[in-house]
Amino acid sequence: MNGAEGLIRTAVSSGVDVCFANPGTTEMQLVAALDAAPGMRAVLGLFEGVCTGAADGYARMTGRPALTLLHLGPGFANGIANLHNARRARSGIVNIVGDQATYHRPLDAPLTADAEGWARGVSAWVRTVQTAGRVGGDAAAAVQAARTAPGAIATLILPADTAWNEADGIAQAPAESQRANYSSQAVDNAAKVLRGGAQTLLLLTGSALTEQGLALAAQIAGKTGCKVMGQTYNPRMARGKGRFAIDRIPYVIEQALPILKDFKHIVLVEANDPVAFFAYPNKPSMLKPQGCEVHRMTSGAENSVAALEALAGALHAQPADRQPQKLVELAKPTGALTHASIAQAIAMAIPENAIVVDESVTTGRGFFPPTAAAAPHDWLQNMGGSIGFSTPVATGAAVACPDRKVICMVGDGSAMYTLQSLWTQAREGLNVVTIVFANRIYQILRGEFDGVGAGEPGQRALDMLKIDRPTIDFVALAKGMGVPGRAVATADDFVKALAEAIAEPGPRLIEVQL
Ligand SMILES: Cc1ncc(C[n+]2csc(CCOP(=O)(O)OP(=O)(O)O)c2C)c(N)n1
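If you're matching positions, the sequence shown starts at 1143 in the numbering used here and goes up one per residue.
Following this line, the structure appears as structure tokens:
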């Protein structure tokens, strides 16, 4: 068995059986090993950012790492932006990066690069295999590193000769590491704060946003009168009918400040002390009001559901303490396409157990309240702010959950970064409905231009913000990659197009013309 086969067999025997790949010459033994070693599902992505984003989506939905297979430093570099997003989502991923053969590396052939250096910026664990004899052990160590709770990015660099030389067999990674429990002192402290009666915000993210975590938060809110919110962005939130509906801290500082201004305490459950996404002249960076005390109850690696359970226990908060919620009722929209009618149409269309991937940027800023009473679903967001996240993440989520419908909502600007995902969706027959909000501008940046006080944009500045010339035809682009699509310009047509797209198996695209 050569090193490449040892690696694939080690991954499979360790429970890692999906690989999002874009190979080159240095990975040919690994490609051959996919045939030789059964059990690995290999999914080709036509750009490395598709592979890394797909691995993020896969990890968010399964809690397990996938492999990516990338071509030397430059291939890895193409995948870095979505690894950055995945790192912030605390997704576990094992990157396998082929490299020049050990003896060829000093010759400085064209693709030779500092793969290790580039990997370090986004990886919690980096190793270069030194000899084929070590491949099995190194691959098992990479899987173990990626499974470090709650999930981490591990990058294993595999020089070509370590892939084709004889391996020492396979290894097996130890079982997943469990989340650390929680600090009872931190829970006692949170209980003391909540008993104190001063206005308190319970700020949640990560594993606290499961159905169970949210139900416990609802009890605590009902019992103590505290407010519960999510971070502006969250890796995954259980939402929809029957679940505790919470709002998020708005992105826009002017909207966030008044919402937070009266809180005397913020209790953090995996979340971070709220900060503005960017600095702006004459605006604060920290969003909490002066004098507000921040208390951390759990960090990202701890068991927040258990901590919330203990907190509910300490406060004697029962399921009966949950208050009924007034949610926006579902209603079929008609007439013009507006942000409100789009939200209504999506709320009506979300099927039971759907996965919604949200890169809707400015179009979707108000989507949360109107979709709160939709059928139960999971809502995934971009944790690192690097756009081009949603179409790959939707692809990986669909590979992870073939029985669930994935709805990918994406701005037209964001869609153009990693649109190749559609080709992978078509080839794999994935159940993804991509909705492109075609407003023909980087609308968010038009707002930021004002927000940073850059003045009035002239023609050249506007040319950097508008994407209307030439018009991008998303239906034609989708067709070219094997995905049927249609464009809509009214709410009525959007409702129809959504119903059709969701009813059909396989990928679909809807261009929403704003
Ligand atoms: C990798 C990366 N490049 C550039 C940006 C800056 N940026 C943020 S949002 C955005 C455009 C978003 O446009 P679109 O998806 O059409 O949404 P809209 O703002 O129109 O709602 C850009 C270029 C970024 N966040 N990440």
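Just so you know, even glycine gets a beta-carbon here, dropped at the ideal spot from N, CA and C.
State the start and end residues of the unbroken alpha helix (DSSP H) segment that holds residue i.
i     : result
T1132 : Absent from the model: residue 1132. The displayed extent of the chain is 1143 to 1656, so no value can be given.
K1621 : 1616-1622
T1566 : 1563-1570
M1558 : Run containing M1558: none; DSSP gives neither H nor E here.
D1592 : 1585-1593
E1451 : 1446-1456
N1331 : 1326-1338
I1644 : 1633-1645
I1362 : 1353-1366
H1226 : 1214-1230
R1650 : That residue, R1650, is in no alpha helix (DSSP H); its beta strand (DSSP E) goes 1650-1655.
P1534 : 1532-1542
G1279 : 1277-1288
A1174 : 1170-1178
V1160 : Taken as a continuous stretch (DSSP letters only), V1160 belongs to no alpha helix (DSSP H), being part of the beta strand (DSSP E) at 1160-1163.
E1147 : 1145-1155
When the Cα of residue i is compared with those of the options, which residue comes out closest?
i     : options                    : result
V1574 : A1643, E1435, N1323        : A1643
L1607 : K1621, G1624, L1587        : L1587
I1388 : W1521, D1330, Q1432, D1310 : W1521
A1485 : E1494, D1500, S1265        : D1500
R1206 : F1591, G1293, G1263, P1493 : G1293
L1298 : I1391, T1533, V1271, L1186 : V1271
A1421 : A1459, G1595, N1323, P1512 : G1595
A1359 : A1454, G1311, L1209        : A1454
A1153 : L1209, P1612, V1617        : L1209
I1312 : G1589, V1654, A1517, A1179 : A1179
K1474 : T1342, Q1655, T1632, P1599 : T1632
F1386 : N1331, G1181, A1516        : A1516
C1543 : M1428, T1204, Q1286, E1169 : T1204
A1317 : S1325, A1282, A1340, D1310 : A1282
G1527 : Y1375, A1491, R1650        : Y1375
K1403 : V1394, L1429, G1348        : L1429
D1310 : R1321, R1650, A1274, S1325 : A1274
T1168 : V1192, L1399, L1212, G1199 : L1212
M1525 : W1306, C1368, I1238, A1413 : A1413
L1619 : D1634, L1564, E1646        : L1564
Taking the straight line between their C-alpha atoms, what separation do you get for residue i and residue j?
i     : j     : result
Q1304 : G1148 : Looking at the sequence provided, one finds Thr at residue 1304 rather than Gln. The alpha-carbon atoms of T1304 and G1148 are separated by roughly 10 Å.
P1248 : P1301 : 12 Å
P1416 : Q1373 : 8 Å
T1366 : G1338 : 9 Å
F1419 : I1529 : 14 Å
R1262 : R1507 : 34 Å
G1648 : R1183 : 18 Å
F1510 : Q1361 : 21 Å
A1657 : G1477 : With the chain covering 1143 to 1656 only, the question about residue 1657 has no answer from this structure.
V1470 : G1195 : 33 Å
N1227 : F1531 : 8 Å
A1201 : S1233 : 6 Å
L1343 : P1426 : 19 Å
A1641 : V1578 : 16 Å
F1616 : H1437 : 47 Å
G1221 : K1468 : 43 Å
F1189 : R1381 : 32 Å
H1105 : G1589 : The chain is shown from 1143 up to 1656; residue 1105 falls before or after that span and cannot be answered.
R1390 : M1379 : 11 Å
A1603 : I1652 : 30 Å
A1340 : H1407 : 7 Å
G1157 : Y1324 : 27 Å
T1254 : I1401 : 52 Å
V1370 : V1335 : 14 Å
R1230 : V1535 : 14 Å
E1598 : D1605 : 13 Å
I1488 : F1636 : 9 Å
G1217 : Q1562 : 15 Å
L1399 : E1435 : 16 Å
Assuming residue i is part of the beta strand (DSSP E), what are its boundary residues?
i     : result
T1194 : Looking at the DSSP string, T1194 is not in any beta strand (DSSP E); the run it does join, the alpha helix (DSSP H), is 1190-1204.
H1407 : 1407-1411
A1380 : 1379-1381
V1630 : 1627-1630
Are three or more beta carbon pairs between the segment 1436-1455 and the segment 1476-1485 nearer than 8 Å? no
The segment 1561-1579 / the segment 1525-1545 touching (three or more Cβ pairs under 8 Å): yes
Are at least three pairs of beta-carbons, each pair with one atom in the segment 1279-1292 and one in the segment 1244-1262, less than 8 Å apart? Between the segment 1279-1292 and the segment 1244-1262, the count of Cβ pairs shorter than 8 Å is below three; the stretches do not touch.
Counting beta carbon pairs with one atom in the segment 1546-1556 and one in the segment 1624-1631, are three or more of them shorter than 8 Å? no
Touch check for the segment 1487-1506 and the segment 1160-1179: three-plus C-beta pairs under 8 Å? no
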